[in-house]
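Peer 1: The structure's right below; bear with me while I get my questions together.
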């Protein structure tokens with residue numbers, strides 16, 4: 698795993714699923730009630746893999762799968778974790794119609810895949826993670842902390 702930092706953005710390169718899981722564990726240790734994590738990257742970039750690692754690190758014993766069709770999965774851990782997948786939504790209004798804002802403003806941790814689709818709805822204190830595919834097993838994570 699390779700890490701580089703500037704004051705608000707940290708870039709991490711992982712070269713295996715195990716390293717991505719280690720990153721997820723590290724991120725989980727920093728999360729608090731009410732945190733929102735915006736995950737963006739192309740299809741297959743590793744958004745759900747990172748969510749699985751974060752949820753497991755928070756004590757989730759359930760199978761973590763992408764909620765592409767249900768839009769939201771809730772996992773009971775030491776914190777309530779809401780895994781939100783906006784892939785099928787086309788507009789911010791559709792997100793509002795399914796109640797996304799309630800989750801984003803609640804006390805649980807929201808892990809939001811395809812978050813760029815609701816950028817204007819995200820709280821100011823959102824942690825943004827952009828995932829770039831480098832190779833079949835390598836990824837670059839640009840992690841931007843809120844102001």
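Numbering (the numbering used here), first residue to last: 698 to 844. We put the CB at the ideal spot given by N, CA and C, even for glycine. Fair warning: this is a prediction, and the values are worked out from it, not measured in the lab.
State the CB to CB distance for the pair residue 717 and residue 708, rounded to an integer number of angstroms; the pair is presumed to be in contact (CB under 8 Å).
Peer 2: Between residue 708 and residue 717 the Cβ distance is about 14 Å, and since that is not below 8 Å, they are no contact.
Peer 1: Provide the residue(s) that pair with residue 736 in DSSP beta bridges, ordered along the chain.
Peer 2: Looking at the DSSP assignment, residue 736 forms a beta bridge with 810 and 826.
Peer 1: Rounding to the nearest angstrom, what Cα-Cα distance links residue 693 and residue 713 in this structure?
Peer 2: In the structure as shown, the chain begins at 698 and stops at 844. Residue 693 is therefore absent and cannot be evaluated.
Peer 1: Could you tell me whether the Cβ atoms of residue 800 and residue 824 are closer together than 8 Å?
Peer 2: No.
Peer 1: So, does the segment 785-793 touch the segment 801-820, judging by three or more C-beta pairs under 8 Å?
Peer 2: Contact between the segment 785-793 and the segment 801-820 is present, because at least three Cβ pairs lie under 8 Å.
Peer 1: Which value, in whole angstroms, describes the spacing of the CA atoms of residue 831 and residue 838?
Peer 2: In a straight line, the C-alpha of residue 831 is about 10 Å away from that of residue 838.
Peer 1: Give the DSSP-derived three-state secondary structure of residue 791 in the structure shown.
Peer 2: Helix, per DSSP.
Peer 1: Please tell me whether, using a cut-off of 7 Å, the distance from the CB of residue 804 to the nearest non-hydrogen atom of the ligand NAP is below it.
Peer 2: Looking for the ligand NAP in the displayed structure turns up nothing, as the structure carries no ligands at all.
Peer 1: Ignore the nearest five residues each way along the sequence and tell me which others in residue 757's own chain have a CB closer than 6 Å to its CB.
Peer 2: These residues qualify, in order along the chain: 772 and 774.
Peer 1: Going by C-alpha distance, which of 793, 794 and 762 is nearest residue 750?
Peer 2: Ranking the options by Cα distance to residue 750, first place goes to 762.
Peer 1: Can you tell me the Cα-Cα spacing of residue 843 and residue 797, whole angstroms?
Peer 2: Distance between the alpha carbons of residue 843 and residue 797: 20 Å.
Peer 1: Would you identify the three-state DSSP class for residue 834, choosing helix, strand or coil?
Peer 2: Three-state result, residue 834: coil.
Peer 1: Suppose the cutoff is 8 Å on Cβ atoms and the five residues either side in sequence are ignored; what does the same chain contact list for residue 818 look like?
Peer 2: Taken in chain order, the residues that qualify are 789, 792, 793, 797, 798 and 801.
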